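**Student:** Quick one: the structure is below, and I'll ask about it shortly.
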Amino acid sequence: MRFDIITLFPELFAPFLASGVTRRAYASDQVAVRLWNPRDHADGNYRRVDDRPFGGGPGMVMMIEPLVRCLAAIRADRAALAEPTPAPVVLFSPIGEVLRHDGVARWAEGPGAILLCGRYEGIDQRFIDTHVDAQISLGDFVLSGGEIAALALLDAVTRLQPGVLNDAGSHQLDSFNPALDGLLDCPHYTRPEHWEPGPDQAPVPVPEVLMSGHHAHIERWRREQSLRITAQHRPELIQAARAAGRLSRSDEA
Ligand code: ADE
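Numbering-wise, the sequence shown is residues 1 to 253 according to UniProt numbering.
As structure tokens, then:
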């Protein structure tokens, strides 16, 4: 799987790619990431990549030509490696489809993509109309650029790759995973067993069932907690699970 990232700020990616549980996947090219700066494909001494918007208004718009040349360089690099399928170009934008677990799972099964991070007020629409295959949004708010969104997609896709998480299959216990019927994850606890918040405050214990060693009781408790938290925070996920016939009689009790 390979992701090519077009960004005016490639330095934002380095610390992220070198840390955390996903680090090894990037280092080994299990998830290959290549960074491309449109400025390297811009003209003139100033290597200009943006200009004022026609019709007036605030901000700057990313120009077509550096992006077209940058994309051609990526395509040539991929062709030299005989990459089997032409990679789709994905633009991060508030216009796009909001990213959810099912979308991440689809990207995680594919061969990768070319991720385009917009900056300034936007990108010349003619480039979008002619070169962009899909648009993804992180939600109904505006970021200063697509880099954070690209990192979010990359991280979510990478942790789904085989062997990336220390515990095989642990992502199946994540919130939104179909293996959990799309519900939210249950709460987690670790040592100390009794936490002392302060001198005049009673110790706060871990839920007793988690200390029981009784596997079936623990599983039942976790399921109940998942249902409770989902009903409280995201009731529509309960409705969706019920509509899909994923809630058992004991879930409904
Ligand atoms: N770029 C600017 N705003 C964005 C958003 N909400 N999601 C993804 N990319 C963006």
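Even glycine gets a Cβ: it sits at the ideal position worked out from N, Cα and C.
Note that the structure is a prediction, hence the values are computed from the model and not measured.
#1: Could you check whether the Cβ of I136 sits closer than 7 angstroms to any heavy atom belonging to the ligand ADE?
#2: For A46, which residues in the same chain have their Cβ closer than 7 angstroms to its Cβ, ignoring the five residues on either side in sequence?
#3: Is there contact between the region 148-165 and the region 19-29, where contact requires at least three CB pairs shorter than 8 angstroms?
#4: Closer than 7 angstroms to a non-hydrogen atom of the ligand ADE - does that hold for the CB of Q54?
#5: Pairs of beta-carbons, one from the region 53-66 and one from the region 82-91, closer than 8 angstroms: are there three or more?
#6: From what residue to what residue does the alpha helix (DSSP H) around L67 run?
#7: What do you reckon, are the CB atoms on G145 and C117 nearer than 8 angstroms?
#8: Can you find a CB in chain D that lies within less than 8 angstroms of the CB of E109?
#9: For a test of the three-state rule: what should DSSP assign to L91, helix, strand or coil?
#10: E97 by DSSP, collapsed to three states: which one?
#11: If I measure Cβ to Cβ from H41 and keep anything under 7 angstroms in the same chain, skipping five residues before and after, which residues do I get?
#12: Do three or more CB pairs link the region 231-239 to the region 170-187 at distances below 8 angstroms?
#13: Which value, in whole angstroms, describes the spacing of the CA atoms of S250 and R220?
#14: Can you check which of these residues, H194, M211, V209, L210, is closest to E203 by C-alpha distance?
#15: DSSP state of residue 256, grouped into three classes?
#16: Quick check: does the Cβ of L143 come within less than 7 angstroms of any heavy atom belonging to the ligand ADE?
**Tutor:** Here's the rundown:
#1: yes
#2: Per the sequence shown, the amino acid found at residue 46 is Tyr instead of Ala. Within the same chain, Y46 has no close Cβ partners at all.
#3: yes
#4: It should be pointed out that residue 54 corresponds to Phe in this sequence rather than to Gln. Flag unset: Cβ of F54 not near the ligand ADE.
#5: no
#6: Residue range 64-80 is occupied by the alpha helix (DSSP H) that includes L67.
#7: yes
#8: Of the chains in the structure shown, none is chain D; there is only one protein chain.
#9: strand
#10: strand
#11: P66, R69, C70, A73
#12: yes
#13: 9 angstroms
#14: The sequence given here has Pro at residue 203, not Glu. Comparing Cα positions, the closest option is H194.
#15: Residue 256 cannot be examined here, being either before or after the span of the chain that is shown, 1 to 253.
#16: yes
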